[in-house]
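Down below is the structure, laid out as structure tokens.
There are 2 protein chains.
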Amino acid sequence: MELNHKQKNALDFIVRYLREHDRPPTLREVGKAIGVSSTNGVRYLIDALISKGYLSRSPSLSRGISLTDKTMRQHGSLRMVPLVGRVAAGSPLLAEENLEGQIAVDPTLIGRSETFALRVKGESMRDAGIMDGDILFARPQSSAQKGDIVIALLDNEATVKYFRPEGNRICLQPANPKFAPIFVEKKSPDFRILGKVIGLMRKM
Amino acid sequence: MELNHKQKNALDFIVRYLREHDRPPTLREVGKAIGVSSTNGVRYLIDALISKGYLSRSPSLSRGISLTDKTMRQHGSLRMVPLVGRVAAGSPLLAEENLEGQIAVDPTLIGRSETFALRVKGESMRDAGIMDGDILFARPQSSAQKGDIVIALLDNEATVKYFRPEGNRICLQPANPKFAPIFVEKKSPDFRILGKVIGLMRKM
DNA sequence: TAATATAATGAACATATGTTCAAAAGTCAA
DNA sequence: TTGACTTTTGAACATATGTTCATTATATTA
């Protein structure tokens with residue numbers, strides 16, 4: 001009942017393909033992945049996996065392979081009970097400007113406070129581990145402490161920077177030597193702090 | 205941008221079919237389910253759903269329909285992901301002794317695929333925007349593609365690195381010039397790939 | 001009403017994909 | 001080595017499935 005190397009390989013590929021595509025592979029795709037040139041070779045292999053209880057098949061159906069309970073258990077189907085509850089509605093201000101949808105987040109990430117999310121554009125905070133395309137979570141507030149990473153509205157553009165007050169002006173400092181700091185008057189009407197960054201999420 | 209009754213019907217069916225079969229339906233199956241007799245009628249309908257951002261398609265591919273993030277968000281709920289702590293030697297990755305807790309995650313971030321989470325230790329992937337203390341989400345798999353960021357078990361220690369196979373050894377490459385790459389024999393018993401990194405979360 | 005856009009049909013087509021078969025190649029025990 | 005068994009190949013085949021097109025029906029609007 002043991003699987004040999006090639007069978008294990010094939011099963012691995014099928015499981016992985018399913019996860020990545022939400023769709024089973026074809027015989028030819030399996031063959032290509034594990035180095036078997038004829039569809040019949042693959043068929044043979046898969047028949048073995050079926051008879052050993054790792055797979056099942058709907059005959060004549062395209063992409064008809066499916067995983068058995070046994071396989072799902074071994075590869076640990078961890079789909080758990082969904083947690084019901086709403087998390088962190090965006091602030092109305094940003095909801096209007098930048099509405100991309102709602103994102104659910106674990107409360108351990110952002111606590112109980114009101115929160116909004118923003119997608120990062122550009123590389124200016126790279127050295128703080130904030131990359132282009134990342135999603136930031138921020139707590140809305142109109143002031144900040146020295147050293148906070150803030151989301152600021154500057155000339156109708158949201159920007160993410162370190163917050164460094166200096167006398168009666170403010171230095172918005174990037175975390176990337178290729179970018180220059182921005183200085184604004186504290187009382188400038190074109191400048192406003194929207195919130196303080198408290199978390200980050202990235203899809204890779 | 206609203207969906208009419210028939211479109212909503214079709215979308216519902218596709219989501220349901222996917223959930224029940226782990227495989228997208230064919231055009232003919234959709235047509236039969238919603239009462240459209242020609243495949244082209246279904247195609248028309250699905251094109252509408254695609255242009256409205258609910259579905260996507262891999263052209264010419266059998267069962268090539270897939271759900272967009274938007275649709276997953278609407279139809280999916282929060283998912284719980286196990287947080288893996290220290291991985292004990294020999295024990296399966298997701299054995300209870302290895303688990304530190306559960307994290308709720310938006311399906312947008314990790315899709316429907318099986319996922320585990322791991323807390324990052326150290327600075328070795330700094331230049332990839334992966335910082336000390338970050339939580340990584342990974343898809344469990346025992347092999348990987350060149351260039352993937354993987355979580356690997358090396359001498360009973362979980363480590364995060366770029367995966368670069370070179371002949372019969374593997375280079376585990378940090379994203380930080382201060383760290384040296386690690387080389388391991390492909391068949392080394394002390395080495396094992398645990399999964400591929402697909403997302404990241406940071407609390408600040 | 002006419003005109004225009006939207007939906008759906010039916011049939012033909014192209015190709016993606018599973019199935020089958022005979023033969024070759026490899027494996028393993030007697 | 002022989003012989004039985006397993007595994008793979010290659011090619012032909014059948015069918016499942018996406019694509020295209022001309023046409024008709026249905027709604028919407030000027």
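Protein chains in written order, with the numbering used here: chain A, 1 to 204; chain B, 205 to 408. We treat Cβ as the ideally placed atom computed from N, Cα and C, and that holds for glycine.
query: Interface partners of B:Gly333 on chain A, CB under 8 Å; result: Arg126, Gly129, Ile130, Met131, Asp134 and Arg202
query: Start-to-end residues for the beta strand (DSSP E) that takes in B:Leu398; result: Phe395 to Lys407
query: Own chain partners of B:Glu304 with C-beta closer than 6 Å, once the 5 adjacent residues on each side are dropped; result: Leu287 and Gly289
query: Distance between B:Met405 and B:Ser347 (C-alpha atoms, nearest Å); result: 24 Å
query: Same chain, Cβ closer than 7 Å to B:Gly257, neighbours up to 5 away in sequence not counted; result: Thr272 and Lys274
query: Under the three-state DSSP convention, the category B:Leu253 falls into; result: helix
query: Beta-carbon proximity of B:Leu343 to B:Ile402, cut-off 7 Å; result: Sequence check: residue 343 of chain B is Arg here, not Leu. Against a cut-off of 7 Å, the Cβ pair of B:Ile402 and B:Arg343 comes out as a contact.
query: Supposed close pair B:Ile269, B:Ile250 - CB separation, criterion 8 Å; result: 7 Å
query: Per DSSP, cross-strand counterpart(s) of A:Arg150; result: Note on identity: in this sequence residue 150 of chain A is Val, with Arg being the wrong assignment. Answer is A:Lys161 and A:Lys196.
query: Short CB-CB distance (under 7 Å) between A:Ile50 and chain B; result: no
query: CB contact flag (B:Leu357, B:Leu398, <7 Å); result: yes
query: Status (buried if at least 16 other CB within 10 Å, exposed otherwise) for B:Asp359; result: exposed
query: Proximity of A:Ile151 and A:Leu118 at Cβ, strictly below 7 Å; result: yes
query: Limits of the beta strand (DSSP E) - the one that A:Leu18 falls within; result: From DSSP, A:Leu18 is part of no beta strand (DSSP E) but of the alpha helix (DSSP H) over His5 to His21.
query: Beta-carbon spacing of B:Pro228, A:Arg23 below 7 Å; result: yes
query: Amino acids of chain B, ordered along the chain, whose beta-carbon sits closer than 7 Å to that of A:Arg16; result: Gln345
query: Within-7 Å CB hit, A:Val184 to chain B; result: no
query: Bridge-paired residues (DSSP) for B:Ile269; result: B:Arg261
query: Spatial distance of B:Pro311 from A:Ser56 (CA atoms); result: 27 Å
query: Residue-chain proximity (A:Ser62, chain B), Cβ-Cβ < 7 Å; result: yes
query: Residue of A:Glu2, A:Arg28 and A:Ser188 minimising C-alpha distance to A:Leu247; result: Since the first and last residues shown for chain A are 1 and 204, residue 247 of chain A lies out of range.
query: Length of the line joining the Cα atoms of A:Val36 and B:Lys390; result: 22 Å
query: Among B:Tyr366, B:Lys350, B:Gly315 and B:Thr319, nearest to B:Ile334 - alpha-carbon criterion; result: B:Tyr366
query: Residues near B:Pro369 in its chain [Cβ-Cβ closer than 7 Å; skip 5 each side]; result: Lys350
query: For A:Pro140, the first and last residue of its enclosing beta strand (DSSP E); result: Ile135 to Pro140
query: Close beta carbons around A:Val42, own chain, < 6 Å, minus the five adjacent residues each side; result: Leu27, Val30, Gly31 and Val36
query: Three-state secondary structure assigned by DSSP to B:Glu318; result: coil
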